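Residue numbers (my numbering), protein chains in the order written: chain P, 14 to 377; chain F, 14 to 377.
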């Protein structure tokens, strides 16, 4: 399964699975009459954004101005920075430059934030749209639905173009939660949009998010959705039952470097050379471990160091010999892509291309 | 505390604290008659390795061949790859190239691994030293002390130069554990070295590791130690009481982007723009959270997304205004350095230099 010319550890993308995931989400959004604005922080890769746009995405979502710059330079014409930016003079200059080549929307979740953004943008404020961030239950950023009008009024007073509302139902990332979180998302977006309409705003965009809720389908108050992880799948999505093993497009190729039959009270385990510096170390308390192995679904990754993953091996299977190459599915694929400068693209088990992770590390 | 010309989020290094940490560890090792071979995976930065060597380090430790190549190209003459490499033909070619410019030692923890390495290196095997990895209680890689002779015999039969033993007492990373782990480290190294001597090997190197145990001082069977994190300190070391707030040389500059007084059942919190894509997301179960704030020791970082850290604010202190710039200490600084291409060097609150993280991402 791992081409012989790959040196481990390395990120491999099966391009046929990737394309199928892209097409499937695009078709689902089209069927539902929703805009698809994928979050490209997941992949940070120009080749993948181009495929998403070719499949019908209305634009892209990014988390930082730096990410927006990378994709705008590649010709993307419609970008939403889904983040409550605190705008200083240098940010304003960069936002201004972006509006010269694309339609730009930015998140805001406070009157002060809107006022600061408008002040820094000055006469150019009207060229930036804002979406008010609503807290739909994740309790991170965002205001409550009935507070959106206050923020929208401040944004309008600052000269910004108020286009609507957005939320990220991050509390969907827990077993049993996607359905409830999708309901919260729908309620919060509906209430917030209604409040803005009542206050006289023209609400054109109602933007929801998250792969777990987007995959549920069903009715929504949203006009567009911003899933990201769906292009690859990962161990979190597997364990949340939001994707199957066959949907996972990204794996990390690894080699068994240390091997231990049970002895001296220790468990039967191997160590592979993919650690937290390539997998990332997100590990929610409900996860079975730090990663999964597609060929050995009963194996458990019980510990992760920078260059070691400790894999407790199932009793039902022979401990693999040293030097065996194994594929590993990271828990959270967005972190994995941000750890490598390039990825190896595979089709039918053969390396066909290398893609640069063009926006890697663009944290601001 | 954060120079005005820094755009957040950004990694800042206080070079005076860095230099003090480097000098203090070097002096301690010299007093104890031990070689200091710092693990440079922590910083991956040429300027810092040069400072460590100038302060008396006997060489450096790395985790991968790629890291070794970066530092060897900068003139480092003595490198230990503290990892049980599984050597294929391309690895052998790279190891050979390294031996042309520096003294090279490599870890091994199996007879099969030693045999494979010797086979791939062929007549050049004698130019690579090996240290047998011993498991001193971390239960990751490494053999039990009484198994070292079998591995050493295989290495010698493969033509490799057996130089001694090494261990990493990673179980020191838990409150109350450093003293016990240092005892385990000492016992395991002593037993393993004695077994090799009894079998007729000339044991020149007995190598221990870990900042928590190295900082304890005291007697040891080791001839050299390989701490890494001591140069910067981090929130794990703080919470393990292995460094003080004043010893922390690396912080991440962040900005308050979202602010929430208690309301609707939610806790009083701010969100800052340093998330897991700059802090890293290591979070041992004993840690108080995902990071610490040096100016607000009672604040708790309770959640971390890719670009958001949620900080539950102490009742004793005013919630800071939006736009406030705060410093954040990551839990595990080795991950932070691997997430950025460059760091901002500060002296007395003024930016004095930018350093490239030259070995960032060199996972193989």
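Every residue gets a Cβ at the ideal spot worked out from N, C-alpha and C, and that includes glycine. Since we're looking at a predicted model, the values are computed, not measured.
Classify residue 363/P as buried or exposed, calling it buried when 16 or more other Cβ atoms lie within 10 Å of its own Cβ. With a 10 Å radius around the Cβ and a threshold of 16 neighbouring Cβ atoms, residue 363/P comes out exposed.
Counting only beta-carbon separations shorter than 9 Å, does residue 243/F have a partner in chain P? No, its Cβ sits nowhere closer than 9 Å to a Cβ of chain P.
Cα-Cα separation between residue 80/F and residue 59/F, rounded to whole angstroms: Roughly 11 Å separates the two Cα atoms.
Quick one: what's got a C-beta closer than 6 Å to residue 389/F's C-beta in the same chain, skipping five residues either side? This structure cannot settle anything about residue 389/F, because the visible part of chain F is limited to 14 through 377.
Under 9 Å by beta carbon: chain F residues contacting residue 294/P: 289, 293, 294, 295, 296, 345, 348, listed in chain order.
If you pair each beta-carbon of the segment 230 to 238 of chain P with each one of the segment 296 to 314 of chain P, do three or more pairs fall below 8 Å? Too few Cβ pairs lie closer than 8 Å, so no.
Limits of the unbroken beta strand (DSSP E) element including residue 91/P: Taken as a continuous stretch (DSSP letters only), the beta strand (DSSP E) holding residue 91/P covers 91 to 97.
Could you spell out where the beta strand (DSSP E) holding residue 23/F opens and where it closes? Taken as a continuous stretch (DSSP letters only), the beta strand (DSSP E) holding residue 23/F covers 23 to 27.
Report the residues of the segment 42 to 64 of chain P with a CB closer than 8 Å to any CB of chain F, ordered along the chain. Correct list: 54.
Please classify residue 10/F: does DSSP put it in a helix, a strand, or coil? Any question about residue 10/F goes unanswered here, given that chain F covers just 14 to 377.
Output the distance between the C-alpha atoms of residue 14/P and residue 67/P, rounded to the nearest integer angstrom. Between residue 14/P and residue 67/P, the C-alpha separation is close to 29 Å.
Residue range of the unbroken alpha helix (DSSP H) whose run includes residue 73/F: First-last for residue 73/F: 73 to 75, but that is the beta strand (DSSP E), not the alpha helix (DSSP H).
For residue 111/P and residue 105/P, I'd like the C-alpha separation in whole angstroms. Each residue's alpha carbon lies about 10 Å from the other.
Compare the C-beta of residue 380/P with all C-beta atoms of chain F and state if any pair is closer than 9 Å. Missing from the structure shown is residue 380/P; chain P here goes from 14 to 377 and no further.
Give a yes or no on whether 9 Å exceeds the smallest Cβ distance from residue 223/F to chain P. Not one beta carbon of chain P lies nearer than 9 Å to the beta carbon of residue 223/F.
Taking all protein chains shown into account, do 16 or more other C-beta atoms lie within 10 angstroms of the C-beta of residue 334/F, making it buried, or fewer, making it exposed? By the neighbour-count criterion, in which 16 or more other beta carbons inside 10 Å mark a residue as buried, residue 334/F falls on the exposed side.
Work out the CA separation of residue 144/F and residue 37/F for me, nearest whole Å. Each residue's Cα considered, the two are about 27 Å apart.
Contacts of residue 99/P in chain F (Cβ-Cβ under 8 Å): Near residue 99/P (Cβ distances below 8 Å), the residues of chain F are 268, 269, 270, 286, 335, 336.
Which residues in chain P sit within 9 Å of residue 96/F, going by Cβ to Cβ distance? Using a Cβ-Cβ cut-off of 9 Å, residue 96/F is close to 270, 286, 320, 321 of chain P, given in chain order.
Helix, strand or coil at residue 104/P according to DSSP, with G and I counted as helix: Here residue 104/P sits in helix by DSSP.
Interface residues of chain P around residue 239/F at Cβ under 9 Å? Among the residues of chain P, none has a CB under 9 Å from the CB of residue 239/F; the nearest is roughly 14 Å distant.
Helix, strand or coil: which one does DSSP assign to residue 343/P? Per DSSP, reduced to three states, the secondary structure at residue 343/P is strand.
Start and end of the alpha helix (DSSP H) containing residue 357/F? Looking at the DSSP string, residue 357/F is not in any alpha helix (DSSP H); the run it does join, the beta strand (DSSP E), is 355 to 360.
The segment 81 to 95 of chain P contacting the segment 16 to 35 of chain F, beta-carbon criterion three pairs below 8 Å: Judged by Cβ distances under 8 Å, the segment 81 to 95 of chain P makes no contact with the segment 16 to 35 of chain F, as fewer than three pairs qualify.
Report the three-state DSSP secondary structure of residue 364/F (helix, strand or coil). Residue state, collapsed to three classes: strand.
What residues from chain P crowd round residue 152/F, counting only those whose CB sits closer than 7 Å? Against chain P, the beta carbon of residue 152/F has neighbours under 7 Å at 279, listed in chain order.
Strictly by DSSP, which residues pair up with residue 116/P? BP columns for residue 116/P point to 91/P.
For residue 85/P, does the count of other Cβ atoms within 10 angstroms reach 16, so buried, or fall short, so exposed? Within 10 angstroms of the beta-carbon of residue 85/P lie 16 or more other beta-carbons, which makes it buried.
Residue 181/P and residue 223/P look like a contact to me (Cβ under 8 Å); what is the Cβ gap, rounded to whole Å? About 6 Å separates the Cβ atoms of residue 181/P and residue 223/P, confirming a contact at the 8 Å cut-off.
Close Cβ partners of residue 269/F (< 6 Å) along its chain, the five nearest in sequence each way excluded: So the list reads 283, 285, 333, 335, 337, once near-sequence residues are dropped.
Should residue 62/P and residue 118/P be called a contact, given that it needs their Cβ atoms to be closer than 9 Å? Residue 118/P is positioned such that its CB atom lies no closer than 9 Å to that of residue 62/P.
Per the DSSP calculation, residue 222/F is bridged to which residue(s)? Partner(s): 239/F.
For residue 314/P, collect the residues of the same chain with a Cβ closer than 6 Å to its Cβ; drop the 5 residues on either side in sequence, then sort them by chain order. Excluding sequence neighbours, residue 314/P sits near 302, 303, 304, 322, 324.
Can you have a look at residue 365/P and say buried or exposed, based on whether 16 or more other CB atoms are within 10 angstroms of its CB? Residue 365/P should be labelled exposed.
Taking C-beta to C-beta, are residue 25/P and residue 357/P nearer than 9 Å? In contact: residue 25/P and residue 357/P (Cβ atoms closer than 9 Å).
DSSP on residue 19/F, reduced to helix/strand/coil? Assignment of residue 19/F by DSSP, reduced to helix, strand and coil, places it in the coil class.
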